[in-house]
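Letter by letter, the first sequence follows residues 1 to 436 in the UniProt record's numbering. All C-beta atoms in this analysis are idealised placements derived from N, C-alpha and C, irrespective of residue type, glycine included. Taking it in order: structure first as structure tokens, then the write-up.
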Amino acid sequence: MYALVDGNNFYVSCERVFRPSLNGRPVVVLSNNDGCAISRSNEAKDLGIKMAAPWFKIRHLEESAGLVALSANFVLYGDMSDRMMTLAAGLGPTQEIYSIDESFVGLHGVRGDLVARGRKVRERILQWTGIPTCIGMAPTKTLAKLANHIAKTAERKPGSYPRELAQVFNLAALPAQDLDDVLLATDVGDVWGVGPRISEQLREGGIRTVLDLTRMDPATARRGWSVTLEKTVRELQGQPCIDLEDAPGPKQQIACTRSFGKPVHQLGPLIEAVSEFAARAGEKLRKQNCLATELLVFMHTSPYRPGPQCSRSVVVPLRRPTDDTLALSKAAADGMRFMYVAGYQFIKAGVILVDLQPASVQQRELDLGDPNEAPATRDRSRLMAAMDLINTRFGKGTVHSGGTGKPGANRVWTMKQERRTPAYTTCLADVPVARA
DNA sequence: TCTGGGGTCCTAGGACCC
DNA sequence: TCTGGGGTCCTAGGACCC
């Protein structure tokens with residue numbers, strides 16, 4: 001048995017904890033660059049605001065409907081997530097943190113009334129962190145996701161499902177006939193792993209509800225689509241195919257990519273940007289104790305704007321596997337110089353580190369004596385460790401390599417964040433003060 | 001006239017997730 | 001004027017091997 005614990009409208013809920021005046025109002029949290037809505041309160045959803053709706057298209061609702069928009073505050077959400085996950089872990093013996101606002105909990109060996117236990121954990125999360133959650137339980141992860149979706153919908157839209165399924169729903173405890181009714185009332189596109197593309201193909205084949213998909217022959221799913229959909233069908237039928245990953249391995253690729261606040265056409269700022277992205281990626285790389293052997297740099301113009309489009313990328317092999325910010329930044333800058341073409345308004349660029357390997361198996365090499373070609377690796381890693389320490393303690397970018405330029409006003413490429421809230425829980429100066 | 005069979009590895013692209 | 005960022009997995013097809 002698995003449970004899926006999921007924070008409702010997570011980013012908006014985090015903001016509301018520290019600004020209760022936002023309760024009951026339509027609120028959205030915007031993506032980087034204040035580009036589009038990535039989290040919506042129920043009131044905002046009721047206004048018809050879709051996921052990823054561009055801000056400039058919904059902005060008029062500020063005036064007409066009292067919509068409040070906030071810039072994303074990922075430091076806050078990350079910290080609130082940690083708190084929520086710690087409490088969710090109390091539900092069972094094992095936990096997989098699946099995303100910033102969701103975790104699967106293994107329920108094997110847990111005795112007693114699961115729903116009662118779930119309600120207790122839900123109450124505790126709400127009381128201790130202020131985040132409302134829903135919990136779905138079932139014999140497989142796909143069914144637990146589905147149960148969670150139903151628990152949420154039952155809470156948000158009265159009448160959609162029986163009221164007792166709201167907030168905490170154990171799918172395994174439902175009588176067979178009632179379960180069929182619930183699956184019949186649920187769209188096939190709401191299944192985890194069935195996206196827009198496949199759900200359209202399924203609908204063309206007459207498979208419209210979750211009940212239809214549950215009754216599909218797994219072999220048909222494999223022949224017509226892929227082994228992924230076959231697993232989904234089996235999971236819906238109650239046969240576990242996707243394991244709980246309570247100890248996820250290191251990431252296979254690490255990216256840092258950004259849209260710019262405004263289009264950039266000059267080489268200089270583009271080099272500065274990708275050098276900085278490479279430095280950020282390097283920090284992440286060192287955190288998971290890995291080395292990169294290749295680095296991919298890319299940039300492109302805005303597909304939404306008319307005019308000539310340009311999209312380029314280049315893979316830069318690194319001389320040796322490295323986690324050194326200076327080497328990564330230089331490779332990114334070299335890649336940018338190589339692929340740059342003048343005459344285009346670039347709106348986005350990024351660096352992706354691929355082909356990662358554990359730092360522990362580093363291949364040593366013969367030092368042929370050229371101090372420029374073979375810098376003392378040990379000194380370099382101490383420099384990186386010192387940089388990471390200083391930046392952790394005194395804030396991002398306190399020390400940085402010369403090539404990335406001074407963080408601040410004269411960077412034409414930095415993103416827009418006009419409505420960011422304070423780091424209430426992670427920065428001493430931002431901690432709210434209670435006055436008697 | 002007529003040109004095998006079996007396998008691995010890599011990559012690009014597609015689909016999905018939140 | 002203005003449209004996010006960071007991941008994973010699967011598959012098909014090509015290159016190459018003997």
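| Query | Result |
| --- | --- |
| Cβ neighbour criterion (16 or more within 10 Å) applied to proline 26 | buried |
| Alanine 359 (DSSP reduced to helix, strand or coil) | helix |
| Helix, strand or coil at leucine 30 [DSSP, three-state] | strand |
| Classification of arginine 382 by the beta-carbon crowding that lies within 10 angstroms, buried from 16 upward | exposed |
| Whole runs of the beta strand (DSSP E) within the stretch 319–363, excluding any shorter than 3 residues | 346–358 |
| Alpha helix (DSSP H) runs contained entirely in the stretch 101–142, provided each spans 4 or more residues | 114–129 |
| Run of the beta strand (DSSP E) containing glutamate 15, from where it starts to where it stops | Looking at the DSSP string, glutamate 15 is not in any beta strand (DSSP E); the run it does join, the alpha helix (DSSP H), is 10–18. |
| Identity of the residues DSSP links to phenylalanine 298 by a beta bridge | Ser313 and Gly350 |
| For alanine 69, three-class secondary structure by DSSP | strand |
| Beta-carbon gap between alanine 72 and valine 29 smaller than 8 Å | yes |
| Whole-angstrom distance between histidine 60 and glutamate 43, CA atom to CA atom | 16 Å |
| Euclidean distance between Cα positions of aspartate 165 and leucine 4 | The question names aspartate, but residue 165 in the sequence shown is leucine. Their Cα atoms are separated by approximately 14 Å. |
| Local conformation of isoleucine 49 per DSSP, three classes | coil |
| Own chain residues within Cβ distance below 6 Å of threonine 322, not counting five before or after | Leu291 |
| Burial state of proline 196 (16 or more Cβ within 10 Å) | exposed |
| Of the residues Ala138, Pro20 and Asn8, the one placed nearest valine 115, counting alpha carbons only | Ala138 |
| Enclosing alpha helix (DSSP H) for tyrosine 424 [first to last residue] | Premise fails: tyrosine 424 is in no alpha helix (DSSP H) and is neither H nor E. |
| Minimum length 3: unbroken beta strand (DSSP E) runs contained in the stretch 236–289 | 254–264 |
| Bounding residues of the beta strand (DSSP E) (the contiguous stretch that carries arginine 40) | 37–40 |
| Neighbourhood of glutamine 345 by C-beta, 7 Å cutoff - its chain only, sequence neighbours within 5 removed | Pro263, His265 and Thr301 |
| Minimum C-alpha distance to residue 452 - residue among Glu276, Arg286 and Leu328 | The structure shown has nothing for residue 452, since the chain only spans 1 to 436. |
| Stretch-stretch touch, CB-based, cutoff 8 Å, three pairs: the stretch 244–256 with the stretch 223–230 | no |
| Assigned exposure category for glutamate 230 - 16 Cβ within 10 Å defines buried | buried |
| Assigned secondary structure, alanine 166 (DSSP; H/G/I helix, E/B strand, else coil) | coil |
| Residues that isoleucine 97 bridges to, as DSSP identifies them | Ser103 |
| Beta-carbon proximity of glycine 350 to phenylalanine 277, cut-off 8 Å | yes |
| Glutamate 102, buried or exposed, once every other Cβ within 10 Å from all chains shown has been counted against 16 | buried |
| Of the residues Leu179, Gly7, Asp190 and Ala385, the one placed nearest glycine 238, counting alpha carbons only | Leu179 |
| Nearest-angstrom Cα separation, counted from arginine 19 out to alanine 69 | 13 Å |
| Close Cβ partners of asparagine 148 (< 7 Å) along its chain, the five nearest in sequence each way excluded | Leu4, Asp6, Cys134, Ile135 and Gly136 |
| Residue burial classification, proline 269 (beta-carbon count within 10 angstroms, cutoff 16) | buried |
| C-beta contact flag for alanine 144 and tyrosine 161 at 8 Å | no |
| Contacting residues, own chain, Cβ-Cβ under 8 Å from lysine 348 (five flanking each side not counted) | Thr257, Arg258, Ser259, Phe260, Met299, His300 and Ser302 |
| Under the three-state DSSP convention, the category valine 191 falls into | coil |
| Length of the line joining the Cα atoms of lysine 330 and serine 275 | 7 Å |
| Own chain, CB closer than 7 Å to glycine 109, minus 5 neighbours either side, in chain order | Pro93 |
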